[in-house]
Every structure is written in C-alpha cells, then in structure tokens.
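> Offset between the sequence shown (1-based) and this note's numbering: plus 2. Note that the Cβ used here is the ideal one computed from N, Cα and C, for glycine as well. Computed from a predicted structure; not experimentally measured. I have a structure I would like to understand better, so I am pasting it below and will then ask my questions one at a time.
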Amino acid sequence: DGGEDSSWLLSVLRGHVARATLDFFAAYFVPLQAWLLERAAALGADGRTVEQKNLHNLHEQVWALLPGFCASADDVASSFPALAKTLGTVLNERPELRPPVLQGLSAMVQHQRSLREVVPAGGGGGVEVRPTAAAAAALEAVGKYAKNFLPLLFNLHQAEPAEKREPICEAIGAYAHAAPPALLSDFFRDVLRKLLETAAAGSAADSLEQQGSLLDLLLALAPALSPTEHAPLLWRAVRPLLSHNSPLLQKKAYKALGTLAEHHPSFLTERLADVTAAFDEALPTCHTACKRRRLVCLQALVSRLSAEQLRSAMPAMLGEVVLATKESNVKSRAAAFDALLLVAERAEAAGGPSDAGREEALQGVVVAVCAGLAGKTPHMVAA
3 DGGEDSSWLL SVLRGHVARA TLDFFAAYFV PLQAWLLERA AALGADGRTV
53 EQKNLHNLHE QVWALLPGFC ASADDVASSF PALAKTLGTV LNERPELRPP
103 VLQGLSAMVQ HQRSLREVVP AGGGGGVEVR PTAAAAAALE AVGKYAKNFL
153 PLLFNLHQAE PAEKREPICE AIGAYAHAAP PALLSDFFRD VLRKLLETAA
203 AGSAADSLEQ QGSLLDLLLA LAPALSPTEH APLLWRAVRP LLSHNSPLLQ
253 KKAYKALGTL AEHHPSFLTE RLADVTAAFD EALPTCHTAC KRRRLVCLQA
303 LVSRLSAEQL RSAMPAMLGE VVLATKESNV KSRAAAFDAL LLVAERAEAA
353 GGPSDAGREE ALQGVVVAVC AGLAGKTPHM VAA
C-alpha cells in the first residue's frame with residue numbers, strides 16, 4: 003500500500019530459513035498472513051480480482067516458510083502451544099495451505115527426535131543414546147496436543163483422495179512419535195476396531211477402499227507402536243490379507259509386514275515361524291502387483307533365519323526369487339536380484355569362519371540356482 007515492494011523476499015526466504023524460532027513466525031508472519039487474507043477479501047469485494055489473487059499468492063508464500071522454521075526451531079517447547087491452535091485451524095479450514103503445515107509438523111518432530119546425546123548408563127560403565135533435555139521437552143509440548151491433532155489428521159486422511167494422502171500419513175507418523183503412549187494406544191485400537199468392523203461388513207468396492215485407507219493409518223502409526231503390545235495385534239489383523247483376492251489389500255498387508263520387520267525386528271524374530279508359515283501360504287495367491295512388496299518382506303525374513311532354517315527354506319525360496327527375476331516390473335526384478343544376493347550372503351556367512359566352508363555354502367546356492375535349468379517350463383529355464 004504505497005511502500006516499496008519487498009514481497010520478492012518471501013520466495014528468497016523460503017529456501018534459506020535457518021536458526022529461526024517459532025516465536026518469530028508467530029509474532030511476525032502469523033499477523034502478516036491474517037492481514038493479507040483480510041486485505042484480499044476487501045479487494046475482492048471491490049472487484050479488484052487481480053490484486054486479490056496477488057495477495058492470495060503472497061499469503062501462500064508466507065505459509066510456505068513454516069517448514070523452514072519448524073525444521074530449525076529451538077524454542078518448540080515454549081512457542082508451539084501459542085501456535086498450535088492457528089495450525090489446527092489452517093489444517094481444518096484452508097485446504098490449499100495444508101501441504102506446508104503438514105510438512106512443518108513432520109519436520110518439527112523429526113528435527114527434535116534427531117537431537118540426541120550420549121550419556122553414561124547407570125552402574126554398568128556403558129553408555130546410552132537419548133534425546134537431549136531440550137528435545138525431550140519439545141516433544142512433550144508437541145505431544146500434549148496429540149489429542150487434537152491426530153483425530154484431525156485422521157479425518158483429513160479419510161476425506162482426501164488417495165493421491166493426496168501421503169503427506170498426511172507422514173505427518174501422522176511423525177506426530178505419533180511425540181504422542182503419549184496411552185493416547186497412541188487408544189487411537190491405534192480405535193482404528194484397528196474400525197478396520198475389523200469394515201472387513202466384516204462385506205467385500206464391496208467401497209468397503210475395500212475404506213479398509214485400504216484404514217490400513218494406511220495403521221501403517222503410519224506402526225513405527226511408534228509397542229512391539230510387544232500392538233505389533234501382535236496388527237499382525238493378526240493383516241495376516242489373512244496376505245491371501246486376500248484384492249491386490250490393494252494384499253499390497254497393504256505386505257507393506258505392514260515390511261514395516262513390522264523394519265521397525266520392530268524383535269517381534270519378527272519372536273514370531274518367525276508363524277510369519278514364515280503365513281508367507282508360504284500366501285505365495286500361490288500373490289498378485290503380480292504385490293511381488294515387489296513380497297520380495298522386500300522376503301529379504302527381511304532371510305536376514306533373521308538361522309543357518310539351519312535357511313538351509314531348509316532355500317530350495318523353495320530360491321525358486322520364487324529366480325522366477326521373480328523375469329517379472330515385467332523393473333522394481334520387482336530389482337528386488338528379486340537384491341533378494342538373491344542376500345540369500346547368497348547369508349549362506350556364505352552360515353558356512354562358518356573357514357574359507358572352505360564359505361565356498362561350499364556358496365556352491366550350494368549356485369547349484370540350487372543352476373537346478374532351474376532342468377525346470378519343466380521355459381520361464382524357469384530362462385530365469
């Protein structure tokens with residue numbers, strides 16, 4: 003309004019925010035964005051649509067700065083409570099501003115979780131790695147609003163089309179690490195109950211889509227869950243879906259198994275026999291679109307098999323992996339070759355400390371692969 007135009011600074015600032023504070027964003031940029039929105043509405047009422055659009059663009063550029071502030075803020079514990087209501091309102095009422103707010107929430111929690119220190123462990127002379135005192139206080143402050151943000155994010159996830167859900171899942175996954183364990187447990191059980199109720203209701207297209215959406219929420223929460231209390235419940239829910247006739251649910255089930263293997267390896271180790279049995283049972287019904295996910299899970303299983311288990315499972319395992327190297331999907335083929343190399347590495351390690359033992363173990367893998375040349379189908383021979 004008559005002064006020198008410095009709006010170009012917003013686009014410059016977007017990629018260069020560092021060592022900033024949430025307090026500054028709340029004190030300077032939040033009032034600025036409110037003024038821009040109010041002024042744009044006034045211009046629209048006067049019929050000045052071009053100026054109105056320009057101010058709307060500036061309004062979005064202001065909010066695009068938020069992820070940079072969140073990723074470097076050191077005053078989260080003291081400043082987030084004052085900003086939380088504004089962020090919730092924007093998420094709920096301004097769909098065009100959701101991406102930067104979601105990105106900001108994710109960046110804030112991830113940054114605080116990365117701030118760790120090494121301290122002496124009690125009594126034993128060892129050390130342990132834990133969040134710094136400031137990071138712990140920040141996560142606690144953010145976690146106090148989990149009862150407000152997580153239900154809001156769940157509702158947004160269910161309302162948005164599938165192609166817009168990934169940033170929401172990332173925000174849910176990040177926020178789950180800051181949520182109080184008891185509250186997170188309640189949310190997990192509520193979503194799991196809805197999944198089971200939806201599955202019992204029927205197999206219509208709408209029901210399958212809703213099951214897939216609820217599984218996405220469970221997968222987002224999974225890394226932050228308890229491996230002893232919640233991981234078994236999630237496994238019981240997704241185990242039957244490994245053989246489901248819907249490629250969508252099959253893929254989600256394999257993704258859930260991969261998530262459990264990555265983030266809760268102790269659960270996979272304890273239930274290895276059950277998981278391996280379910281994995282073998284699901285092979286005949288595995289859809290082509292789910293091959294890559296299945297092969298990624300196979301690698302997780304191979305990593306945890308004992309030497310004896312690996313020897314007994316190797317023939318069937320290698321047959322599946324070798325055939326998968328001829329899949330039409332590039333990512334599936336790459337996962338198959340990765341699995342083949344991992345089997346060879348694990349077999350070599352199981353051969354013992356001697357060079358002769360490792361060489362013999364590798365020869366066993368090569369012989370098993372070469373046995374496919376005697377296969378009854380051209381597909382097997384070509385693979």
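Closest by CA to ALA207, which one among ALA226, ALA180, LEU250, ALA222?
Out of ALA226, ALA180, LEU250, ALA222, LEU250 has the C-alpha closest to the C-alpha of ALA207.
> So, ALA349 versus LEU325, is the Cβ gap smaller than 8 Å?
No, these two residues do not count as a Cβ contact at 8 Å.
> I need the DSSP call for PRO133, collapsed to helix, strand or coil.
Strand, per DSSP.
> With a threshold of 16 other CB atoms inside 10 Å of the CB of VAL92, please say whether the residue is buried or exposed.
Classification for VAL92: buried.
> How many Å lie between VAL32 and SER116 at the Cα?
So the two alpha carbons sit approximately 27 Å from each other.
> Within 10 angstroms of the Cβ of ARG294, are there 16 or more other Cβ atoms? Answer buried if so, exposed if not.
ARG294 is buried by the Cβ-count criterion.
> What are the start and end residues of each continuous alpha helix (DSSP H) run of 4 or more residues lying completely inside the stretch 8-56, in chain order?
Correct list: 10-16, 32-47.
> Starting from ARG118 and walking both ways along the beta strand (DSSP E), at which residues does that stretch end?
Where ARG118 is concerned, the enclosing beta strand (DSSP E) stretches over 118-122.
> Suppose only complete runs of 4+ residues qualify. What are the alpha helix (DSSP H) ranges in the stretch 49-114, listed by chain order?
Listed in chain order, they are 51-65, 68-74, 78-95.
> Looking at GLN105: is its Cβ nearer than 8 Å to the Cβ of PRO153?
No, the Cβ-Cβ distance between GLN105 and PRO153 is not below 8 Å.
> Using only alpha-carbon positions, find the residue among ARG50, LEU39, ALA20, LEU67 that is nearest to SER13.
The candidate whose alpha carbon is nearest that of SER13 is LEU67.
> Between which two residues does the alpha helix (DSSP H) containing GLU165 stretch?
Run containing GLU165: none; DSSP gives neither H nor E here.
> Hey, out of PRO267, LEU217, ALA20, ALA226, whose CA is closest to LEU244's CA?
When each option's Cα is compared against that of LEU244, the closest is LEU217.
> For ASN331, which three-state DSSP category applies?
Reduced to three states, the DSSP call for ASN331 is coil.
> Between the beta-carbon of SER81 and the beta-carbon of THR23, is there less than 8 Å?
Yes. Within cutoff.
> Assign GLY353 to one of three DSSP states: helix, strand, or coil.
Coil at GLY353, not helix or strand.
> Just to confirm before moving on: does the CB-CB distance between LEU197 and ALA239 stay below 8 Å?
Yes. Within cutoff.
> Of all Cβ atoms in chain C, is any one closer than 8 Å to the Cβ of LEU235?
Of the protein chains in this structure there is only one, and it is not chain C.
> Report all residues from its chain with a CB closer than 7 Å to the CB of GLU130; omit the five preceding and five following residues, and keep chain order.
Answer for GLU130: VAL121, ALA123, listed in chain order.
> Assuming GLY321 is part of the alpha helix (DSSP H), what are its boundary residues?
Run containing GLY321: 309-326, per the alpha helix (DSSP H) assignment.
> What number of angstroms, rounded off, separates the C-alpha of LEU270 from the C-alpha of ALA43?
When rounded, the distance between both Cα atoms is 56 Å.
> Among the residues of its own chain, which have a CB less than 6 Å from the CB of GLN54, if the five just before and after it don't count?
Answer for GLN54: ALA42, LEU45, GLY46, listed in chain order.
> Using alpha carbons as the reference points, say which of CYS292, PRO242, GLN35 lies closest to LYS257.
Checking every option, the nearest Cα to that of LYS257 belongs to CYS292.
> Excluding the five sequence neighbours on either side, which residues of its own chain have a C-beta within less than 8 Å of the C-beta of LEU297, listed in chain order?
Contacts found: VAL323, ALA326, SER334, ALA337, ALA338, ASP340, ALA341.
> Measure the beta-carbon distance from PRO225 to THR261 and round it to whole angstroms, keeping in mind my assumption that it falls under 8 Å.
Between THR261 and PRO225 the Cβ distance is about 7 Å, and since that is below 8 Å, they are a contact.
> Please report the residue range of the alpha helix (DSSP H) in which THR278 lies.
Start and end: 274-284.
> Whose CA, out of GLU310, THR88, ASN331, LEU300, lies closest to the CA of MET1?
Coverage of the chain is limited to positions 3 through 385, which leaves residue 1 absent and any answer about it impossible.
> How would you call SER215, buried or exposed, if buried means at least 16 neighbouring beta carbons within 10 angstroms?
Label assigned to SER215: buried.
> Helix or strand or just coil, what does DSSP make of SER228?
Coil, per DSSP.
> Rounded to whole angstroms, what's the CA-CA distance from PHE156 to PRO286? Just pull it up for me.
C-alpha separation (whole angstroms): 35 Å.
> For ALA28 versus ALA73, is the C-beta distance shorter than 8 Å?
For ALA28 and ALA73, no; Cβs fall outside 8 Å.
> Tell me which residue opens and which closes the alpha helix (DSSP H) that ASN150 is part of.
It spans 148-161 - the alpha helix (DSSP H) in which ASN150 sits, taken as one unbroken run.
> Hey, how far is the Cα of ALA280 from the Cα of GLU98?
About 43 Å.
> Return the first residue and the last residue of the alpha helix (DSSP H) that ALA202 is part of.
Here the alpha helix (DSSP H) through ALA202 covers 183-203.
> Note down, in chain order, each residue of its chain lying with its Cβ closer than 6 Å to the Cβ of ASP25, except the 5 sequence neighbours on either side.
Counting only Cβ-Cβ distances below 6 Å, and skipping sequence neighbours, we find ASP77, SER81.
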